[in-house]
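Asker:
Numbering (this note's numbering), first residue to last: 1 to 142.
1) The alpha helix (DSSP H) that contains residue 138, what's its start and end?
2) According to DSSP, simplified to helix, strand and coil, what is residue 108?
3) Would you check if there are 3 or more beta carbon pairs closer than 8 Å linking the segment 17-32 to the segment 94-103?
4) When every heavy atom of the ligand ZN is checked, does at least one fall within less than 7 Å of the C-beta of residue 57?
5) Can you give the Cα-Cα distance for residue 131 and residue 49, rounded to whole angstroms?
6) Between residue 148 and residue 3, is the Cβ-Cβ spacing less than 8 Å?
7) What do you reckon, are the CB atoms on residue 81 and residue 12 nearer than 8 Å?
8) What did DSSP end up calling residue 31 once you bin it into helix, strand or coil?
9) Nearest to residue 6 by alpha carbon, out of 126, 63, 115?
10) What is the C-beta distance between residue 10 and residue 59, in whole angstroms, given that I count them as a contact (C-beta under 8 Å)?
11) Does the separation of the CB atoms of residue 35 and residue 108 fall below 8 Å?
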């Protein structure tokens, strides 16, 4: 079914981007000094959040449509899983995000490194949920 395969593809893009952040971007940024670390995180987060949030919505809608058309529970599970990063980000991550976004990137912020490490650990939940959603859509597509 085409809609289910589209849901899988879009979700795989979400999961791939989340994995990239955790295995490539986060470790690389943590090698920077404290000032450069925050200067890199702020625009990166802003761009990444817009991209991943919209991908999650598209994948969720595709998953719901695939579930509606097929009745396969796997698509509904995938749709729910791929949208879970939204509430996770708003409830669990937003306090850290707001502190980091409010910091002056031109100044040295001794707390920035600690918060960016915390942010990276919280981001791992988005990786896990994205991978699980992709697996659910794969299950539905088989």
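The C-beta atom is built at its ideal place from N, Cα and C for all residues, glycine as well.
What you are looking at is a predicted structure, and each value in this text was computed from that prediction instead of being measured.
Answerer: In brief:
1) Taking the first residue of the chain shown as position 1, residue 138 is located at position 138. That run of the alpha helix (DSSP H) goes 112-141.
2) Taking the chain shown and counting its residues from 1, the one referred to as residue 108 is at position 108. Reduced to three states, the DSSP call for residue 108 is coil.
3) no
4) The ligand ZN is absent from the structure shown, which contains no ligand whatsoever.
5) Counting from one through the chain shown, the residue named residue 131 turns up at place 131. Counting from one through the chain shown, the residue named residue 49 turns up at place 49. Roughly 17 Å between the two C-alpha positions.
6) Outside the shown range of the chain (1 to 142) lies residue 148, about which nothing can therefore be said.
7) Counting from 1 along the chain shown, the entry for residue 81 is found at position 81. Counting from 1 along the chain shown, the entry for residue 12 is found at position 12. For residue 81 and residue 12, no; Cβs fall outside 8 Å.
8) As a working note, residue 31 is residue 31 in the chain shown. It is coil, neither helix nor strand.
9) Along the chain shown, one-based indexing puts residue 6 at 6. Among 126, 63, 115, the Cα nearest to that of residue 6 belongs to 63.
10) Translated into positions along the chain shown, residue 10 becomes position 10. Translated into positions along the chain shown, residue 59 becomes position 59. That belief holds up - the Cβ atoms of residue 10 and residue 59 are roughly 4 Å apart, short of 8 Å.
11) Translated into positions along the chain shown, residue 35 becomes position 35. Translated into positions along the chain shown, residue 108 becomes position 108. Closer than 8 Å, so yes.
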